[in-house]
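J.:
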Amino acid sequence: MVFEILKAKNMPELPEVQTIVDDLNRKIKGDTIVDFWSDWPKAIKGVNLKKFEAEIKGKKILKAWRIGKNMFVDLSGGKTIYIHLKMTGHLLIRTQDTKNKIQKNKNYFNDRVNQYIHHIWKLKSGKTLEFSDLRKFAKMVLVDTDKVMELPEIKKLGVDAMSKEFTLEKFRELLQKRQNKKIGLVLMEQELIAGIGNIYRSEILFDAGMHPERSVKYLKKSEVGVLYESILKILKKAIEMRGTSDSDYRDTDGAPGSFGKILKVYRKDGKICSCVRKKKKCDTIIKRIKLGQRSVFFCSECQK
Ligand SMILES: [Zn+2]
Numbered sequence: 061m062v063f064e065i066l067k068a069k070n071m072p073e074l075p076e077v078q079t080i081v082d083d084l085n086r087k088i089k090g091d092t093i094v095d096f097w098s099d100w101p102k103a104i105k106g107v108n109l110k111k112f113e114a115e116i117k118g119k120k121i122l123k124a125w126r127i128g129k130n131m132f133v134d135l136s137g138g139k140t141i142y143i144h145l146k147m148t149g150h151l152l153i154r155t156q157d158t159k160n161k162i163q164k165n166k167n168y169f170n171d172r173v174n175q176y177i178h179h180i181w182k183l184k185s186g187k188t189l190e191f192s193d194l195r196k197f198a199k200m201v202l203v204d205t206d207k208v209m210e211l212p213e214i215k216k217l218g219v220d221a222m223s224k225e226f227t228l229e230k231f232r233e234l235l236q237k238r239q240n241k242k243i244g245l246v247l248m249e250q251e252l253i254a255g256i257g258n259i260y261r262s263e264i265l266f267d268a269g270m271h272p273e274r275s276v277k278y279l280k281k282s283e284v285g286v287l288y289e290s291i292l293k294i295l296k297k298a299i300e301m302r303g304t305s306d307s308d309y310r311d312t313d314g315a316p317g318s319f320g321k322i323l324k325v326y327r328k329d330g331k332i333c334s335c336v337r338k339k340k341k342c343d344t345i346i347k348r349i350k351l352g353q354r355s356v357f358f359c360s361e362c363q364k
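Here the sequence shown is numbered in this note's numbering, starting from 61 and rising by one per residue.
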């Protein structure tokens, strides 16, 4: 427990939230909410527990979607539940099989990380949607579906890193606005590009061979192109691998993501860079520096 408190927690980023969104659409889209339970109503913002419950009961789940690290569940009747997972929040879907513990694979629901259930939605199909959140920082807001974009947290967001709008031209245009900043900081700015956090900025910069402290104004046009490709490549790969379970993030089966197995620099400080260039192993020790409030990890040989 002490270890868990001391270990820095990382918020789920775009790939983790996308994994959960995809799971929700696959497993409970079209289902109906029949009941709701919570022992932490403080997480519900704007309305009290009774009102929240009354508004969502009997409503059909139309679809889940996201912008950056923000998740939305659209319901019938023109309402949407906006969910921010914050540090340790994650959603689990329990089916009759998992309840009876007869699934073939490991039952991840027994893992400790999945034991901090504070909210439960009972669904018509017999499934339950459960919200585990160790730190209890996650929040939910019930909002009119047509007013989602007016939420202050959403309004201020920049372009989503996996959206069609995030083109190379758009990326160049955004960098123009941050000429005097370090690229490692710019990538994390949700008001500019939404979705990239601490884990993926290190991996993206490594993939692009770019030092996190490079000033935006000295980046060559070709380097910006390489970086743009690395953003898309790393995020896409991370979605394919169902995210990174650096701390508490789990998918809706309660299972960890597997991108953690192929991390190149994130939390690898003190370890030797595994990169092979011109048939020669890099062998440089990976470094960690503070950039803004957070650590960034890089190889000084591979990233210039
Ligand atoms: Zn290296």
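Where is the CB? At the ideal position from N, CA and C, for every residue including glycine.
Could you tell me which uninterrupted beta strand (DSSP E) segments, each at least 3 residues in length, are contained entirely in the region 180 to 239, listed from first to last along the chain?
T.: 188 to 193, 199 to 204
J.: Ligand 2 and T344: does any heavy atom of the ligand fall closer than 7 angstroms to the residue's C-beta?
T.: The model on display carries ligand 1 but not ligand 2.
J.: Using 10 angstroms around the beta-carbon of L247, count the other beta-carbons present and answer buried if the total reaches 16, otherwise exposed.
T.: Under this definition L247 is a buried residue.
J.: Check whether the Cβ atoms of E76 and I256 lie closer than 8 angstroms to each other.
T.: no
J.: With a threshold of 7 angstroms on Cβ separation, who are the neighbours of D267 within its own chain once the five nearest residues in sequence on each side are excluded?
T.: Within its own chain, the residues whose Cβ lies closer than 7 angstroms to the Cβ of D267, once the five positions on either side in sequence are excluded, are S290, K293, I294, listed in chain order.
J.: Let me know the secondary structure DSSP gives E361 once reduced to three states.
T.: In this structure, E361 counts as coil in the three-state DSSP scheme.
J.: If we call anything under 8 angstroms between Cβ atoms a contact, is V325 one with G244?
T.: no
J.: Quick one: Cα of I80 to Cα of T148, how far?
T.: Each residue's Cα considered, the two are about 14 angstroms apart.
J.: So, using beta-carbon positions, are K187 and I153 closer together than 8 angstroms?
T.: Contact flag set, yes.
J.: Rounded to whole angstroms, what's the CA-CA distance from R354 to A298? Just pull it up for me.
T.: 21 angstroms
J.: Along the alpha helix (DSSP H) that carries A268, what are the first and last residues, could you check?
T.: 258 to 268
J.: Taking all protein chains shown into account, do 16 or more other C-beta atoms lie within 10 angstroms of the C-beta of V133, making it buried, or fewer, making it exposed?
T.: Flag for V133 reads buried.
J.: Please classify Y326: does DSSP put it in a helix, a strand, or coil?
T.: coil
J.: Any heavy atom of ligand 1 within a distance shorter than 7 angstroms of the CB on D361?
T.: A quick correction: the sequence has Glu, not Asp, at residue 361. Under cutoff, so the answer is yes.
J.: Can you look up N170 in the DSSP assignment and give me helix, strand or coil?
T.: helix
J.: Would you mind working out which of W97, K123, K340, K89 sits nearest K111, comparing C-alpha positions?
T.: Checked all of W97, K123, K340, K89; the closest Cα to K111 is W97.
J.: Specify the secondary structure class of T79 as computed by DSSP and reduced to three states.
T.: T79 falls in the helix class under three-state DSSP.
J.: Going by alpha carbons, who is nearest to K328 out of E300, E263, I116, G285?
T.: E263
J.: How would you call M71, buried or exposed, if buried means at least 16 neighbouring beta carbons within 10 angstroms?
T.: buried
J.: F169 and G314 look like a contact to me (Cβ under 8 angstroms); what is the Cβ gap, rounded to whole Å?
T.: About 5 angstroms separates the two Cβ atoms, so the contact holds.
J.: Looking at C-alpha atoms only, which residue of D204, C362, K321, G330 is the closest neighbour of K341?
T.: C362
J.: What number of angstroms, rounded off, separates the C-alpha of D99 from the C-alpha of S136?
T.: 25 angstroms
J.: Helix, strand or coil: how does DSSP classify Y142 here?
T.: strand
J.: Would you tell me roughly how many angstroms separate the C-alpha atoms of C333 and E273, rounded to the nearest one?
T.: 19 angstroms
J.: Rounded to a whole number of angstroms, what is the C-alpha to C-alpha distance between E113 and G320?
T.: Going by the C-alpha atoms only, they are around 37 angstroms apart.
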